[in-house]
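Protein chains in written order, with numbering that gives the first Met the number 0: chain P, 0 to 799; chain F, 0 to 262.
C-beta atoms are modelled at their ideal positions from N, C-alpha and C, and glycine is treated no differently.
All values derive from a computational prediction rather than experimental measurement.
Have a look at the structure below before the remarks.
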Amino acid sequence: MTNHWVDYQNTDVFMVIGTNPAENHPISMRWINRAREKRGAKLIVVDPKFNRTAALADLYVPLRPGTDIAFLGGLMNYAMANGRYFHEYVAKYTNASFLIHPDYKFEDGLFSGAKVGEDGQVTYDTTTWQYQLDEEGNYKKDPTLQDPQCVFQLMKKHYSRYTPEMVAETCGMSVAQFLEVAELFTSTGRPDRAGNIMYAMGITQSSHGSQNVRAVAMLQLLLGNIGVPGGGVNAHRGESNVQGSTDMALLWNNLPGYLPMTTAAAHPTLAAYNATTPKSGYWTNRPKFIASLLKAWWGEHATPENDFCYEYLPKVDGRDHSHMSIFEAMGRGELKGLFAWGQNFAVGGPNVAKERSALANLEWMVVADLFETETAAFWKGPGMNPAEIQTEVFLLPAAASYEKCGTITNSGRLIQWRDKAVEPMGEAHDDLWIADRLFRKLRELYVAEGGAFPDPIVKLHWDYDDGSGHPSAEKVAFEINGYTWADRQGVTTFANLKDDGSTVCGCWIYAGYFADFENPKCRSRVKDEPGTGLGSHLGWGWAWPVNRRILYNRCSVDENGQPWDPERPLFRWDGEKFIAQDVPDFTATNPPEVSAKNPFIMMAEGVGGLWSPSGMKDGPIPEHYEPVESPFANKLNRRQFNPVAIISGKGEFGQLTPPSDPNFPYICTTYRVTEHWQSGAMTRSLPWLGEMMPDMFVEISPSLAAKLGVKGGDRVEVTTARGSLVAPAMVTPRMRPVLVHGRETEIVGMPWHWGYMGMFTGASANVLTPHVGDANTQIPEYKAFLCNVRKAGGSGPVRG
Amino acid sequence: MAYGMLIDLSKCMGCRGCQVACKQWNDLPGEQTTLGSDFTNPQKRSAYTWTTIEWLTTEVDGRTVSTFTKTGCLHCLQPACESVCIAGAIHKQDNGAVTIDHDKCIGCRYCQLGCPFGVPKYEYDQVVPRMQKCNLCYSRIEAGLEPACAATCPNDAILFGERDELLALAKERIAAGNGRYVDHVYGEHEAGGTSVMYISHVPLDLTTLNTNVTTEAVPSFTWKAMRQLPALVGSAAVLSLGLLAYSNRRARLEAEQRGGGAQ
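If you want it as structure tokens, here you go:
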């Protein structure tokens, strides 16, 4: 997130959309409640289901799954049309004034530059999305925001179609409800009020998920809520250390610290990679980060002469290697082996029955986990015949989080070191030990037997032994932090990294978290004096980057360095220096008029991106499209769903229901509950949690129950184009039909935590979900698809 | 220090951290359960589940309402259970906790019958069954800690402190709440006053609190009867003695009348 958890106490209006903090991040409610008690803050919840967060909300508004852009675009329209945006902030701190290419247009659901392929998929040539430049190569702007080609006017025109009536009938809320939210939330478009938008998988797990996030960010920029205390675009991460995982490049298309992944075609050499470095903004320092990363990995072998062993770094072959692609390749028999490391995709993956079957095509699979999960035991799954499965499965028992030391990075980018509390049970080992043993054995084999290209493995810099043959998490942390090669001194900031091979750094954004081996910053636990400050607690843990708690915080003060809201002075220029409550995201030694020109230092433009000229594959600004499976035709434009979405096409995984198919009339969505976590691998083996939530269930409204002739506890069968499941119905007014385009439409919801292993078993919701994904991130559309429901006969849970 | 708890239902989000914390601290086993009509589970408290959060989901004026009510022992100021316990096992401690001494409890279940809130529960599966209930984490509070549930609650929906101070705080919150709270502190007078009290943002019939409970201390009902006993026994004794004296005198007079002769 751009802000952080404790900062929530500074908010005036919360908008919770596509996240459920009371159920899934309960501690966050502490800070939300503090804001409500101390500052009279209001809590708005926008969600298909009246969940536990809605139960405490000041204002709850229903939303049809997949229609977030219609809603957020409607709020943008409301703000722009009614002047309820933060004028000075928008004019000075965003690209609202920038002029766009004269040939840019949006027509019939497509942006200019669309190339339609044979399969109907669209790719975009983004030339007409670019900024206009003058003869000197500077951005052409209209500071008055009136020019029809300026970003502000293009946005105003684009979202003028998102009237309250259009939003209401698309999203399933009433006009009055929409206006109530609009009035309350856009009241933060002022210097003295901060609005906080929190989101999670309800926003991201969509075929237009990344554009959903763009819409959140754009609304917050219009309202001047970015970089201010109590504001922010605040992602609630789905796992306790997924932030740490993505920081360390768990994703296939990243290198640590969100450096772009190297591709064979575009980056055959280091020079070619560095040629793609942005020409302005802080990313101009990228060559220092990649050089330091390579030096970390190949140590003494990495020299300027050999481009720091750049040739050893794997390069993407131009194909998609995201989750769905991996399974589709597995389904075609293209993969020999797989590591399932702390991941239980046999419950969590989309179209999961097909994904489980695909595993049977592997020659071998290694699973590292705490319990024998559905993935480890995929051959025991429903419909599997072990006699026909050749896969050799290795189950490595792994240590739990209290049985090992290391850091966790939370949603607020805060890194906290944790000590080991107890020894792992039996032969379980921590992941570091497992990785270390694996590497050492591989290296041994390569040294003994050679191979096609052994050097990248054999020459890896692997200096983690703690003296007793066990790898030291501290040594790994020190390398991630970075140090100068000559004297092995920890770097305290990425500003000290070099591109000449003299520095090492495993993840540039982490530089500073573990510079001091004995007393690393991520271990410190010093709170601010109670009753003082805005909750930065700079002495508690360490946040990336450079312990900055609120990103883009130059935006919290005006051109003269005075806080927009004197009651929440994150910074204040006193004539000579800035009095600071956070680490500045700008050069604080410069007079404020200078840093005012560059409030978003990571952006090439130096200002906030309302318009995204080249960052997104599917449009410079978001547009509402229906989910890939929808009961409705898109009324906002002529394209039904995101033209650039990833669709599986033909084959094993490609079962889809066409729009408005009467055989699948209901909208289906999946979600989580407090009592279970993810695929239930851990929680469904804990009696205190299982007794609270023993069984899989399907939540339906009383009206749908009446229609189906079903009462609470009766079994229902939910079917989609992918498969079906049977579970008891929970009939509850938490679920209600939505009135969309004049038609009452039922929504069926269910948690996805269950599977066939563990103490508490039940059907997996993901047998129903589609193999379709977002254009930019390939994240599957778990949140909105079509189903049918019928009474299945009998009542009570279905276990196994 | 007479402690108590204040449960502010407007802050409870039903996360059930309290329910799990109680299990963990008291080392209580998980029970076999089955999906209920809502999320409440176990659906009833028992010897092994001393506190639960009870869901109430309904519609009011077309809007969905969802409330979460923490249940458990209210640690009455004058407990019925203590009064009826024939083994003298139950005691309202100085620190406010109502505890059951399992060295004395004989499992007769009088306390289960006597409690207006259905709190004490029987160990049905034990060969030597005793009664179980929340003990306000007696050993924790004696050690200067809060009860496990209060310590866990992320929202401070469960506050622990001196009962009198919490009662004053509850009233302050209601007064300062601008209509946010129902003007009632549940437990101020219920059952003659309890150490665990509640305030609520919704009418109490939208929670699962028992609103049909007397405001008199429960032992006071038996006291009304018991109080008459000395006078009753005394009167009965006097009457009986009087009757005996009269009867003896009559026998003596009859004997004298038959002729002072032989006896």
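Around the C-beta of P/E304, are 16 or more other C-beta atoms found within 10 angstroms, so that it is buried, or is it exposed?
exposed
Examine the Cβ distances between the segment 163-182 of chain P and the segment 51-66 of chain P and report whether three or more of them are shorter than 8 Å.
yes
Which same chain residues end up closer than 7 Å to P/W378 when comparing Cβ atoms and leaving out the 5 residues on each side of it in sequence?
P385, I388
Could I get the ranges of all uninterrupted beta strand (DSSP E) runs contained in the segment 71-157 of chain F, with 3 residues as the minimum, in chain order?
89-91, 97-99
Would you say F/S199 lies against chain P (beta-carbon separation less than 8 Å)?
no
Helix, strand or coil for P/K790, going by three-state DSSP, please let me know.
strand
With a threshold of 8 Å between beta-carbons, can P/T491 be considered close to chain F, or not?
no
I believe P/G793 touches P/E780 by the beta-carbon criterion, under 8 Å. Please report the beta-carbon distance rounded to the nearest angstrom.
With 8 Å as the limit, P/G793 and P/E780 do not qualify as a contact, their Cβ atoms being about 32 Å apart.
For a cutoff of 8 Å on Cβ pairs, would you count F/S45 as touching chain P?
no
Take P/F858 and list the residues in its own chain whose beta-carbon comes closer than 7 Å to its own, dropping the five residues that flank it on each side.
This structure leaves residue 858 of chain P out entirely; chain P is present only between 0 and 799.
At a CB-CB cut-off below 7 Å, which residues of chain F make contact with P/D818?
With chain P covering only 0 through 799, there is no way to say anything about residue 818 of chain P.
Measuring alpha carbon to alpha carbon, tell me which residue in P/A95, P/A595, P/T374 is nearest P/M756.
P/T374
Thinking C-beta only, is P/V697 closer than 8 Å to P/A720?
no
Which residue from P/T744, P/P619, P/F493 puts its Cα closest to that of P/P661?
P/T744
I want to see whether chain C comes within less than 8 Å of P/A632, judged by CB atoms only; does it?
You won't find chain C in this structure, because its protein chains are P and F.
Rounded C-alpha distance that separates P/G468 from P/D462
11 Å
In terms of DSSP beta bridges, what is P/F13 paired with?
P/L42, P/N195
Does the CB of F/K132 have a neighbour CB from chain P at under 8 Å?
no
Which residue or residues does DSSP assign as beta-bridge partners of P/K48?
P/M734
Selection from P/E674, P/A705, P/S700 that minimises the alpha carbon distance to P/E690
P/E674
Proximity winner among F/A244, F/K170, F/G13, relative to F/P153 (alpha-carbon distances)
F/G13
When the Cβ atoms of the segment 654-670 of chain P are set against those of the segment 609-629 of chain P, are three or more pairs found closer than 8 Å?
yes
According to DSSP, simplified to helix, strand and coil, what is P/L533?
coil
Reference F/V127; option with closest CA among F/K120, F/I105, F/G143
F/I105
Under 8 Å Cβ to Cβ from P/I746, same chain only, skipping five residues before and after it: list those, please.
P47, K48, R63, P64, Y665, I666, C667, T668, S700, M734, R735, P736, V737
Can you list, in chain order, the stretches of the beta strand (DSSP E) that have 3 or more residues and sit fully within the segment 694-719 of chain P?
697-699, 713-718
Would you verify that the beta carbon of F/V181 is, or is not, closer than 8 Å to some beta carbon of chain P?
no
Whole-angstrom C-beta distance between P/V709 and P/K790, which should lie under 8 Å:
5 Å
Please state the DSSP three-state secondary structure of P/C404.
coil
For P/V60, three-class secondary structure by DSSP
strand
Reduced DSSP secondary structure (H/G/I, E/B, other) of F/D37
coil
Inter-residue CB distance, P/E238 and P/Q677 (contact presumed, cutoff 8 Å)
7 Å
Taking Cβ positions, are P/T169 and P/L635 nearer each other than 8 Å?
yes
In three-state DSSP terms, what is P/W378?
helix
Measuring straight from C-alpha to C-alpha, what distance separates F/R257 and F/A250?
11 Å
Going by DSSP, what residue range makes up the alpha helix (DSSP H) through P/G280?
Where P/G280 is concerned, there is no enclosing alpha helix (DSSP H), given that its DSSP letter is neither H nor E.
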